[in-house]
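First up is the structure itself, then whatever we jot down about it.
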Amino acid sequence: MSSLAAARADNFYYPPEWDPKKGGLNKFHGQHALRERARKIDQGILIIRFEMPFNIWCGGCESMIAKGVRFNAEKKQVGNYYSTKIWSFTMKSACCKHEIVIQTDPQNCEYVIISGARRKIEEYDAEDAETLVLPVDDDRSKLADPFKRLEHQEGDMKKKKEAEPVLVRLQRVSDARHSDDYALNKSLRARLRDQKKRVAEEEANSRKAGLGIRLLPSSAEDAAAASRVKFAGKFERNRKDKRGNDSSKLNFFWIIHFFCS
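Residue numbers (numbering that gives the first Met the number 0): 0 to 260.
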């Protein structure tokens with residue numbers, strides 16, 4: 000197999016001057032396997048893609064950086080919690096190039112902002128989020144105890160009576176909405192046909208106007224906003240001057256015509 004065919008086979012090319020006794024290809028070329036990501040590897044720093052674990056406020060411009068935004072961050076070890084390493088991530092915000100430092104907290108299984116930003120406080124309870132409260136381990140152990148169940152039986156029955164009307168209403172609404180599948184399907188298909196027709200008309204109007212985007216239908220608010228638009232004074236002044244020049248030319252024409260006749 001030729002050297003070119005071998006390079007295609009395993010995606011590596013070994014030049015004739017390469018000696019396997021002196022190491023691999025990266026050592027032969029004087030570079031790291033991670034290329035630019037390892038340019039500070041001698042300082043114990045590796046360049047990685049870091050994803051923001053929660054919403055934060057930038058310390059430089061007070062802009063909010065949302066959870067899930069990714070950065071090129073410098074990762075390095077700054078300590079240990081027993082046998083678990085503590086990692087530090089240094090990055091720059093895209094909004095103002097402000098440096099942000101975040102570290103891992105193995106003790107609390109959390110990320111901690113060291114400098115350059117502050118965490119956005121977001122506290123919700125089950126009532127605000129409209130979710131169910133899951134029982135913790137202590138509550139589960141109490142439910143397994145017959146005496147504890149008997150103790151809280153009256154309170155549970157009271158909660159059931161309070162929630163029963165709401166559940167009945169929800170069941171009635173669900174039955175009313177989904178009892179006739181044919182009518183629901185017919186209504187949905189009619190709405191989709193109307194939507195496709197409206198989109199086709201909007202695209203045709205945009206093509207007539209020579210626009211590459213689809214315009215929204217006109218509304219009374221748009222008409223009111225357009226009526227409040229005033230052009231610059233220079234345009235109005237030029238229009239009046241042009242009218243004056245046209246009228247003076249017309250008067251001069253009639254004077255010449257009068258004397259010539």
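Where is the CB? At the ideal position from N, CA and C, for every residue including glycine. All values reported here derive from a predicted model rather than from experimental measurement.
* Asked: What residues match up with K74 in a beta bridge as DSSP calls it?
  -> L45, F88
* Quick one: what's I99 bridged to in DSSP? -> M90
* Whole-angstrom Cβ separation of R118 and I55, contact assumed at under 8 Å? -> Going by Cβ atoms, the distance from R118 to I55 rounds to 6 Å, so yes, they are a contact pair.
* To do: Could you spell out the range, first to last residue, of the alpha helix (DSSP H) harbouring S226?
  => 219-226
* To do: With DSSP as the reference, please indicate the residues paired to R69 in a beta bridge.
  => E50
* Asked: Using DSSP with H/G/I as helix, E/B as strand and the rest coil, what is D104?
  -> strand
* **Closest residue to C57 among K96, K20, R69 (Cα-Cα distance)** => K96
* Kindly identify the DSSP beta-bridge partner or partners of C57. => C57 is bridged to A116.
* **Cutoff 6 Å; reference A6; Cβ partners in own chain excluding five residues on either side** => Bear in mind that the predicted position of A6 carries a pLDDT of just 48, short of 50, making it unreliable; the figure below should be weighed with that in mind. Result list for A6: Y12, in chain order.
* To do: Decide if I99 is buried, meaning its Cβ has at least 16 other Cβ atoms within 10 Å, or exposed.
  => buried
* Look at the alpha carbon of P19 and the alpha carbon of H31, and state the distance between them as a whole number of angstroms. => Rounded to whole angstroms, P19 to H31 spans 17 Å at the Cα level.
* To do: Leaving aside the five residues before and after S87 along the sequence, list all residues of the same chain whose C-beta is less than 6 Å from its C-beta, in chain order.
  => K75, V77, Q102
* Close beta carbons around D104, own chain, < 6 Å, minus the five adjacent residues each side -> V111
* Asked: Which residues in the same chain have their Cβ closer than 7 Å to the Cβ of D41, if we skip the five residues on either side of it in sequence?
  -> none
* To do: Please go through the same chain and pick out, in chain order, the residues whose beta-carbon is closer than 8 Å to the beta-carbon of K39, but skip the five residues on each side of it.
  => For K39, the CB contacts under 8 Å within the same chain, skipping 5 residues up- and downstream, are L45, I46, E73 in chain order.
* Asked: Who are M63's beta bridge partners in DSSP?
  -> W56
* Kindly list the residues whose CB is nearer than 8 Å to the CB of K91, restricted to its own chain and excluding five residues on each side of it in sequence; keep chain order. => F70, H97, E98, I99
* To do: Label M156 either buried or exposed according to how many other C-beta atoms from any shown protein chain fall within 10 Å of its C-beta, with 16 as the threshold for buried.
  => That one is exposed.
* Exposure label - A116; buried when at least 16 CB within 10 Å -> buried
* Helix, strand or coil at E121 according to DSSP, with G and I counted as helix -> coil
* **Cβ-based burial, T89 [other Cβ within 10 Å; buried from 16]** => buried
* Asked: Around the Cβ of P14, are there at least 16 other Cβ atoms within 10 angstroms (buried) or fewer (exposed)?
  -> exposed
* Asked: Where does Y181 fall in DSSP's three states?
  -> helix
* **Endpoints, the alpha helix (DSSP H) within which L149 is located** => 145-150
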